[in-house]
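A quick write-up on the structure given underneath.
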Amino acid sequence: WMGKVLQFDLGRSIVYNQPTMELIISRFPATLQVGLFALLISLAISLPVGVISAVKKDSILDVFGRFFAFVGISMPGFWLGLLLIIVFAVTIPIFPIFGFVSIFADFAEGIRHQFLPAVTLGLSMAAMVTRMTRSCVLEVLQEDYITTARGKGLSGTLVVAKHVLKNAFIPVITVVGLQVGFIFGGSVLVEVIFAIPGLGRLMVDSIAQRDYPVIQALVLVYAITFVLVNLLVDVLYAVLDPRIRYQ
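Each residue of the sequence shown is one higher than the one before, starting from 12 at the first, in this note's numbering.
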């Protein structure tokens, strides 16, 4: 099996009676689009909330940020998905309940179909990144060079933008890289709930039908993707902090 993998032959599906590689290639775009959408939502929420929560420590904004992170971490993703369906697809029919439309086929419909599953994944990820961002920013704010910068008369906004964020985001990038594993793991239930024909749904169906070649191939794809993303994270370390060198 490993010899064939090196030749990009992942075997043949027992259930679908077609090459496993073709199955994965056909399902991967759905998972990738929803996952990237969820990651954008996560970063758009978590980074501003985390930074503001740290800068305005012990204020009402900080209390709100910590409460959001606590609720987001505690809330099961599948429960949030069902809640969003009830509110925004049944009670207020703004978004479709099931199905998937690629943004490359129809951008507007693609956003409508992917919004609820992306929010379901994104909010869960945002909670963890918010906590990490707040902790890292608070730690950097206590450094001596930040006190020196403020003593020179720099405004608080300039100090945060120029000195704090660049140093605080290095550990945050690590967490964001680890979120890729959460995207693939969390997408399993989300794709089942929202009937998205992605890798997560394929994994569930393959396990139920005991399609072992597909299960093996999907685990391998997940592992390779996780390794590549974390390699990219290591490269970003050197970009953010030139003192870090990788040979």
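Glycine is no exception: its CB is placed at the ideal position from the N, C-alpha and C atoms. Being a predicted model, the structure only gives us computed values, none of them experimental.
Backbone secondary structure at residue i - three-state DSSP
{"i": "Arg-23", "result": "strand"}
{"i": "Leu-208", "result": "Sequence inspection shows Pro at residue 208; the Leu mentioned does not correspond to that position. Reduced to three states, the DSSP call for Pro-208 is coil."}
Residue i to residue j span [Cα, whole Å]
{"i": "Thr-236", "j": "Lys-163", "result": "46 angstroms"}
{"i": "Lys-173", "j": "Arg-212", "result": "44 angstroms"}
{"i": "Ile-194", "j": "Leu-132", "result": "7 angstroms"}
{"i": "Arg-23", "j": "Val-16", "result": "12 angstroms"}
{"i": "Ser-57", "j": "Asn-28", "result": "43 angstroms"}
{"i": "Leu-91", "j": "Ser-135", "result": "9 angstroms"}
{"i": "Ile-226", "j": "Ile-25", "result": "11 angstroms"}
{"i": "Leu-72", "j": "Ala-55", "result": "17 angstroms"}
{"i": "Phe-106", "j": "Ile-96", "result": "8 angstroms"}
{"i": "Ser-113", "j": "Phe-75", "result": "35 angstroms"}
{"i": "Pro-182", "j": "Leu-239", "result": "18 angstroms"}
{"i": "Asp-222", "j": "Asp-216", "result": "8 angstroms"}
{"i": "Thr-158", "j": "Leu-149", "result": "13 angstroms"}
{"i": "Met-214", "j": "Val-101", "result": "28 angstroms"}
{"i": "Ala-234", "j": "Met-143", "result": "24 angstroms"}
{"i": "Gln-10", "j": "Ile-103", "result": "Look at the range of the chain in this structure, 12 to 258, and you will see that residue 10 is not part of it."}
{"i": "Arg-59", "j": "Phe-180", "result": "In the sequence under discussion, the amino acid at residue 59 is Pro, which differs from the Arg named in the question. Their backbone Cα atoms lie some 12 angstroms apart in a straight line."}
{"i": "Tyr-156", "j": "Asp-117", "result": "50 angstroms"}
{"i": "Ala-219", "j": "Cys-147", "result": "42 angstroms"}
{"i": "Ala-160", "j": "Phe-19", "result": "54 angstroms"}
{"i": "Lys-177", "j": "Leu-251", "result": "6 angstroms"}
{"i": "Ile-68", "j": "Ile-84", "result": "In the sequence on display, residue 68 carries Lys and not Ile. Near 20 angstroms, if we compare the C-alpha coordinates of Ile-84 and Lys-68."}
{"i": "Leu-247", "j": "Gln-153", "result": "24 angstroms"}
{"i": "Thr-198", "j": "Leu-165", "result": "Sequence inspection shows Ser at residue 198; the Thr mentioned does not correspond to that position. In a straight line, the C-alpha of Ser-198 is about 44 angstroms away from that of Leu-165."}
{"i": "Ile-36", "j": "Val-232", "result": "11 angstroms"}
{"i": "Val-151", "j": "Ile-108", "result": "43 angstroms"}
{"i": "Leu-94", "j": "Trp-12", "result": "43 angstroms"}
Element boundaries [alpha helix (DSSP H), containing residue i]
{"i": "Thr-141", "result": "118-152"}
{"i": "Val-235", "result": "The question names Val, yet the displayed sequence has Ile at residue 235. Here the alpha helix (DSSP H) through Ile-235 covers 223-251."}
{"i": "Val-170", "result": "167-170"}
{"i": "Lys-173", "result": "Note, Lys-173: premise wrong, no alpha helix (DSSP H); not H, not E."}
{"i": "Gly-14", "result": "13-16"}
{"i": "Gly-162", "result": "155-162"}
Assumed close pair residue i, residue j - CB separation to whole angstroms, cut-off 8 angstroms
{"i": "Phe-99", "j": "Leu-127", "result": "6 angstroms"}
{"i": "Ala-65", "j": "Arg-123", "result": "Contact flag wrong, Cβ pair sits at about 35 angstroms."}
{"i": "Leu-200", "j": "Phe-89", "result": "5 angstroms"}
{"i": "Gly-209", "j": "Arg-38", "result": "5 angstroms"}
{"i": "Thr-31", "j": "Pro-224", "result": "5 angstroms"}
{"i": "Glu-110", "j": "Ala-49", "result": "In the sequence as displayed, the identity of residue 110 is Gly instead of Glu. Not a contact, Cβ separation roughly 17 angstroms."}
{"i": "Val-244", "j": "Gly-167", "result": "The Cβ separation is near 29 angstroms, so there is no contact."}
{"i": "Gln-125", "j": "Val-45", "result": "5 angstroms"}
{"i": "Val-186", "j": "Val-140", "result": "6 angstroms"}
{"i": "Ala-129", "j": "Ile-184", "result": "That pair is no contact at about 21 angstroms."}
{"i": "Ala-119", "j": "Phe-79", "result": "The Cβ separation is near 29 angstroms, so there is no contact."}
Neighbour flag for residue i against chain B, beta carbons, 7 angstroms
{"i": "Gly-92", "result": "Judged by its chain identifiers, the structure shown contains no chain B, having just a single protein chain."}
Residue i CB to nearest heavy atom of the ligand SAM below 6 angstroms
{"i": "Lys-163", "result": "Of the ligands one can find in the structure shown there are none, so the ligand SAM has no counterpart to examine."}
Check your understanding: Counting only runs that start and end within the segment 42-130, where is the alpha helix (DSSP H) found for 4 or more residues in a row?
Key -> 71-85 and 88-96
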